[in-house]
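Residue 99 in the working numbering sits at position 57 of the sequence shown, and the numbers go up by one each step.
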Amino acid sequence: MTNEMKRQIESLTDSIIKKRRLSRDSEQEIIDTEKTERFKKLITEEIISVIKDASIILGRAGCSLNYYSNELAVIRDPKKRIFIQILFYPYGHSKITLGVNAPFLQFSYSPLKENIKITTKVSIKSDVASTKIAEIEIDDFALAKIDMYIINFLKNVVKQNI
């Protein structure tokens with residue numbers, strides 16, 4: 043990034059912060075907490091590797107998994123969540139044609155509430171809404187639970203769509 047571009051982005055950021063302060067936005071900027079870093083580490087070191095390994099196995103049946111995450115972002119707005127969304131692409135549906143209607147499992151961490159919300163959508167049909175499965179404390183979120191949620195998601199997707 044050039045120095046000029048960096049300067050312009052910093053100027054825009056300063057103006058956003060000034061407008062928030064003038065509007066008396068009560069939610070101030072936060073920095074990553076230990077629990078936020080723990081969730082990001084779980085995404086990076088555990089969940090992504092599970093998704094990659096599972097996708098290789100599912101590939102034998104012509105299916106695949108992919109993921110979308112913002113774990114690398116520095117989220118300083120306490121209203122925003124850090125998340126990973128695991129997308130399932132069944133046999134016969136490409137990533138291009140399936141688009142936003144892909145079945146998904148999402149883990150999202152709220153820095154403000156310090157909990158993880160788990161939501162899913164198991165149907166390919168676009169009119170089916172996502173469903174909240176659980177809301178758990180970050181301290182209760184371990185690899186065994188991650189594996190359980192992923193395998194239950196896969197079982198439900200296969201039962202619903204194949």
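C-beta atoms are modelled at their ideal positions from N, C-alpha and C, and glycine is treated no differently. Fair warning: this is a prediction, and the values are worked out from it, not measured in the lab.
For the candidate residues the options, whose alpha-carbon lies nearest to that of residue i?
i: isoleucine 126; options: Cys105, Ser152 and Gly134; result: Ser152
i: lysine 77; options: Thr161, Ile128 and Ile124; result: Ile124
i: isoleucine 193; options: Leu114, Ser150, Ile180 and Leu100; result: Leu100
i: aspartate 189; options: Asn157, Leu147, Lys167 and Ile204; result: Leu147
i: alanine 186; options: Ile98, Ile89 and Lys60; result: Ile89
i: aspartate 182; options: Lys122, Asn157 and Lys82; result: Asn157
What's the C-alpha gap between residue i and residue j?
i: alanine 171; j: serine 53; result: 40 Å
i: asparagine 143; j: glutamate 177; result: 23 Å
i: alanine 96; j: isoleucine 160; result: 19 Å
i: lysine 167; j: glycine 134; result: 15 Å
i: aspartate 56; j: glutamate 46; result: 15 Å
i: aspartate 169; j: proline 145; result: 12 Å
i: leucine 154; j: serine 111; result: 19 Å
i: methionine 43; j: lysine 122; result: 26 Å
i: isoleucine 180; j: arginine 80; result: 8 Å
i: glutamate 113; j: serine 106; result: 22 Å
i: threonine 104; j: serine 91; result: A quick correction: the sequence has glycine, not threonine, at residue 104. In a straight line, the C-alpha of glycine 104 is about 20 Å away from that of serine 91.
i: arginine 49; j: lysine 60; result: 16 Å
i: threonine 207; j: lysine 82; result: With the chain represented from 43 up to 204, any question about residue 207 goes unanswered, as that position is not in the structure.
i: phenylalanine 149; j: isoleucine 51; result: 30 Å
i: lysine 197; j: threonine 86; result: 24 Å
Do the CB positions of residue i and residue j come within less than 7 Å of each other?
i: asparagine 108; j: leucine 84; result: no
i: valine 164; j: valine 116; result: no
i: threonine 162; j: phenylalanine 195; result: yes
i: proline 132; j: isoleucine 204; result: yes
Would the beta-carbon of residue i be found less than 6 Å away from any heavy atom of the ligand ATP?
i: asparagine 157; result: With respect to the ligand ATP, the structure offers nothing, as it holds no ligand at all.
Check the DSSP bridge columns for residue i and list the partner residues they point to.
i: threonine 75; result: Its beta-bridge partners do not exist; DSSP assigns none.
i: lysine 83; result: According to DSSP, lysine 83 bridges with nothing at all.
i: isoleucine 178; result: Ile158
Original post:
Hey, which unbroken runs of the alpha helix (DSSP H) at 4 residues or more fall wholly within the stretch 88-164?
Top reply: Qualifying alpha helix (DSSP H) stretches, in chain order: 90-100 and 137-140.
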